[in-house]
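Scroll down for the structure; my scribbles are underneath it.
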Amino acid sequence: MSTKLWYTSSTWDWNQALPIGNGRLGAMIFGGVQEEHLQVNEDSVWYGGPLDRNNPDALKNLPKIREYIRNGQIPEAEELMMNALSGTPQGQRSYQTLGDIQLYFSGLNGEVTDYRRELELADALHTVTFKVNGYAHRREIFATAADDVIVMHFETEDPAGIGLTPLLTRHKFYDYAGKYTEDTIMLGAKIGGDGVDLNMMLRARVAGGTCEVIGERLVIKGAKEVTLLFSAGTTFRYPNLKETVWEKTENAMQFTYEELKARHMADYRRLFDRVKLDLHGDSAFDGIPTDERLKNLDASDFGLTELYFNFGRYLLISCSRPGTLPANLQGIWNKDMAPPWDCKYTININTEMNYWLAENTNLSECHMPLFDHIRRMLPNGKVTARKMYGCRGFVAHHNTDIWGDTAVQDIWIPASYWVMGAAWLCTHQWMHYEYTKDLDFLRESYPIMREAALFFLDFLIEDDGYLKTCPSTSPENTYILPSGVRGANGMGVTMDNQILRDLFNQCIEAAKLLGIEDELTKEFADACVRLVPTQIGSKGQILEWEKEYEEAEPGHRHISHLYGLHPSCQITVDGTPELAKAARVTLEGRLAHGGGHTGWSRAWIINHYAKLWDGEEAYKNLLALYKQSTLPNLFDNHPPFQIDGNFGAAAAIGEMLVQSTMERIVLLPALPAEWAEGCVKGLCVRGGAEVDMAWKDGLLTECVIRAKADIDTKVRYQDKIQELHLGAGESCWLDWK
Ligand code: FUC
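In my numbering, the protein residues as written are 391 to 1127.
See below:
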């Protein structure tokens, strides 16, 4: 199984640096010999405090906007929307880099030989090894969730020892820096008027040498071994900021380096080791540095898919742990003060995609930060619902930030005025229930799901006998009316109907499970059947809008109207074959016009083909992702780096091997011919079970299902279907012969 990213030189390029993280703290490591650099992040470093940005003119203009839309006066509607619905101010808060750790080594001027840097995903350990003047040096770095610090450990055979001057910086955006104690330097800043304060500290433990603070820097000389402990935080979590940041280093100081490492690995492996994917790749490819392996991509390098899959799981474990903020557009790893799209949460696909792998690749607890964030959004979303639309319930638009902002983001016609953010996010609560059958979780989540659904009981308008969203848009596409007029907003958009069908049904189902019977669930049921069904157009495609319009960008990166195929299971090969056929036509149309040009778009397409049980197309698109949208450090490239593609594609690899609804599990639904032989252990399915499988010559040879909860379902392999009834803790070996 491929688990190592490795390179033969250090780098100055962030896209070649390697990420580590413990959920809250993250770093990109460049691997320099004389000058090592860690660009560091902390998940709560966001500029500015919470804002009420709900446009005070929204509610009074809403009837006019709706009237324009009903009359087909789209430009008039959109102009009014830009003024009356946009946030005041128009933008949410931005995530920022925490800063940098610069490590200036002395005495390393000789020739460097045997250089290697690697990231071992099985251990979550970054290692640099090299020789200078024939003496070996070894540097290990990891971010541990067990002790909540970043640990750096340097050793050398050189009798002169290690000379090192560490420094903390932050692009000059800081308020103080310097000595904290005899062995610790620190840096701090206030970010934004009513924003958070940040603090970071670097503490040294030196064996066989000297260490002191001079000015802003630590000065270490003649050390046999050096361990540096890095801790950071903000007042978002820690009111006693400096004390708390310091305590974290104090706690870590009680352990030796080896103990810290062992504690880290035990914690990490508890999650990582749950799943093993073996595609029987040729191990010779593991002998090629990762950047070259990627550049000279070989379709028979199945180990690269193992590596990409493992990397996706590694990244989620490293940026989303219980108690942290959810993975943002770059997970946690961002080098900028003003990053692309503010490096926040785009919830019209990107944030959801970040969590597609959480359940099926057995990292259920890494999903938790998203649920905490939905809770953070809820009170804001109720205010937005009331102030902007005069509705009950919980609404969010296409972005949110650290404070759970729910008002409209940007003044951008094809995206900003979409009201489905909270609804889509809440389907993840149900997804978590389906995979875990955790009724306590459902009991806590149902009131939130219900608020999200409640909004639409008030917001939907009647038109042509149907209930429709209005205004709304199909993210972020534009249509052309027969008159030539372009528009993006309208009513009864396909994706909205699909999301709402899920949300209403999930609320009804949840209420049933929780023994709740009230008026509201009846209203949800009534509304659900009055949504416009998913329609097939004249070319055999799924319609994106309620009518068949010309598309301004037929290769658009969003494929929102296939939400029903994935992540939802409304469209399935075995349940709705006509719609599945139409979904394929839609995909082919997008791809024929250059679709899949961003990493996340390609990752969505891979999931779609997996759901269409087409392993060949799924693998073809996976290879295209590696070739066209993957950076040398295996980060997904939008461009720039955006983590959704990493997560979306890892999820898709899982979906190629096993799929599930509550009604059935499908084994090897999209196995490409190339992956003739392999095995996988620990993938999760809806209903609450883990699946282990092995296959040979493209045919399933073994399958074991281990129930984590009572499960009553069917298992399908090719055309064969078996009933499956297991109690929690039971397992069964399925025999297909
Ligand atoms: C959506 C996408 C863009 C980008 C941005 C962060 O707006 O359409 O491609 O991923 O989010």
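Ideal Cβ positions, reconstructed from N, Cα and C, are used throughout, including at glycine.
The structure displayed is predicted, hence computed values, not measured ones.
6 Å CB neighbourhood of residue i in its chain, flanking five on each side removed
i: GLU934; result: SER864, THR884 and HIS951
i: GLY411; result: ALA533, SER708, CYS709 and ILE722
i: GLU1120; result: ALA1097
i: GLY1117; result: ASP1100
Option in the options with minimal Cα separation from residue i
i: TYR1136; options: LEU977, ALA942, TRP723 and GLU938; result: Given that the chain is displayed from residue 391 to residue 1127, the structure contains no residue 1136 and the question cannot be resolved.
i: PHE645; options: ARG607, ARG595 and VAL609; result: ARG595
i: ASP681; options: LEU509, PHE914 and LEU904; result: LEU509
i: ALA1066; options: GLY965, LYS1086, LEU1047 and ASP908; result: LYS1086
i: ASP853; options: ILE459, THR639 and THR634; result: ILE459
i: CYS1093; options: ILE1111, LEU588 and ASP1125; result: ASP1125
i: ARG833; options: TRP820, ASP537, TYR647 and ALA1079; result: TRP820
i: ALA514; options: TRP436, PRO957, ALA535 and GLU941; result: ALA535
i: LEU557; options: ASP490, VAL586 and GLU602; result: ASP490
i: ILE464; options: LEU493, THR868, SER958 and ASP886; result: THR868
i: PRO804; options: PHE626, ALA467 and THR817; result: ALA467
i: GLN486; options: PRO479, LYS580 and ASN461; result: LYS580
i: PRO872; options: GLU940, ASN1027 and LEU903; result: GLU940
i: HIS427; options: THR751, GLN406 and ARG414; result: GLN406
i: GLU943; options: GLY985, GLU649, ILE898 and GLN888; result: GLY985
i: ASN523; options: HIS516, THR617, TYR505 and ARG891; result: TYR505
i: ALA512; options: GLY585, GLY497, GLU615 and ARG659; result: ARG659
i: GLU606; options: ALA613, GLY612 and ARG593; result: ARG593
i: PRO679; options: PRO1022, THR751, SER991 and ASN1036; result: PRO1022
Near ligand 2: residue i beta-carbon under 6 Å from a heavy atom
i: THR736; result: The ligand content of the structure shown is limited to ligand 1, which means ligand 2 is not among them.
Where residue i falls: helix, strand or coil (DSSP)
i: VAL922; result: coil
i: ARG483; result: coil
i: VAL1048; result: strand
i: LEU498; result: coil
i: VAL883; result: coil
i: ASN444; result: coil
i: GLU396; result: Checking the sequence, you will find Trp at residue 396 rather than Glu. TRP396: strand per DSSP, three-state reduction.
i: MET643; result: helix
i: HIS427; result: strand
i: SER950; result: helix
i: MET727; result: coil
i: THR617; result: strand
i: CYS860; result: coil
i: TYR779; result: helix
i: LEU347; result: With the chain covering only 391 through 1127, there is no way to say anything about residue 347.
i: PHE675; result: helix
i: HIS561; result: coil
i: GLY965; result: coil
i: ILE1033; result: coil
i: TYR807; result: coil
8 Å contact criterion, which residue i and residue j should meet: CB distance rounded
i: ASP791; j: ARG483; result: 4 Å
i: ALA1000; j: ALA993; result: In fact, because the Cβ distance is near 11 Å, the residues do not count as touching under 8 Å.
i: TRP1003; j: PRO1059; result: 5 Å
i: ARG346; j: SER392; result: Summary: the structure shown does not reach residue 346, with the chain confined to residues 391 through 1127, and so no result is reported for it.
i: ASP848; j: GLY481; result: That belief does not hold up - the Cβ atoms of ASP848 and GLY481 are roughly 27 Å apart, past 8 Å.
i: PHE699; j: HIS670; result: With a Cβ gap of about 14 Å, PHE699 and HIS670 do not count as contacting.
i: SER1019; j: THR988; result: 7 Å
i: ILE610; j: ILE540; result: Contact flag wrong, Cβ pair sits at about 17 Å.
i: LEU588; j: THR639; result: Between THR639 and LEU588 the Cβ distance is about 16 Å, and since that is not below 8 Å, they are no contact.
i: ASN445; j: GLY477; result: 6 Å
i: LEU955; j: HIS998; result: 6 Å
i: MET810; j: ASP886; result: 6 Å
Close Cβ partners of residue i (< 7 Å) along its chain, the five nearest in sequence each way excluded
i: GLU547; result: TYR525 and ALA526
i: TYR825; result: GLU749, SER754, CYS1074, ARG1076 and GLY1078
i: LEU661; result: ILE707 and LEU753
8 Å Cβ shell around residue i - same chain, five flanking residues per side excluded
i: GLN931; result: ALA972, VAL975, THR976 and GLY979
i: PRO716; result: SER710, TYR735, THR741, ASN744, TYR745, PRO759, LEU760, ASP762 and HIS763
i: ASP668; result: MET391, GLU696, GLY1068, CYS1069 and VAL1070
i: ASP830; result: none
i: ARG1054; result: ASP964, THR1103, LYS1104, VAL1105, ARG1106 and ILE1111
i: ILE838; result: ILE764, ARG765, LEU768, PHE784, CYS816 and GLN819
i: ALA1063; result: GLY1005, GLU1006 and GLY1088
### Message
Quick check on the DSSP output: what are the complete alpha helix (DSSP H) runs of length 4 or more inside the stretch 889-937, in order along the chain?
### Response
909-919
Which runs of the beta strand (DSSP E) spanning at least 3 residues fall entirely within the stretch 829-856, listed in chain order? 851-853
Going residue by residue through the stretch 734-762, where are the continuous alpha helix (DSSP H) segments of at least 4 residues, counting only ones entirely within it? 740-744 and 746-750
Report the start-end ranges of each beta strand (DSSP E) in the stretch 500-553 that is 3 residues or longer and not cut off at the edges. 502-510, 515-522, 525-534 and 539-546
Margin query: To test your reading of the DSSP string, which unbroken beta strand (DSSP E) runs of 3 or more residues are found completely within the stretch 558-601?
Written below: 566-571, 574-580 and 587-597
Unbroken beta strand (DSSP E) runs of length 3 or more, entirely within the stretch 1037-1099: which are they? 1048-1050, 1054-1057, 1068-1075, 1079-1086 and 1089-1097
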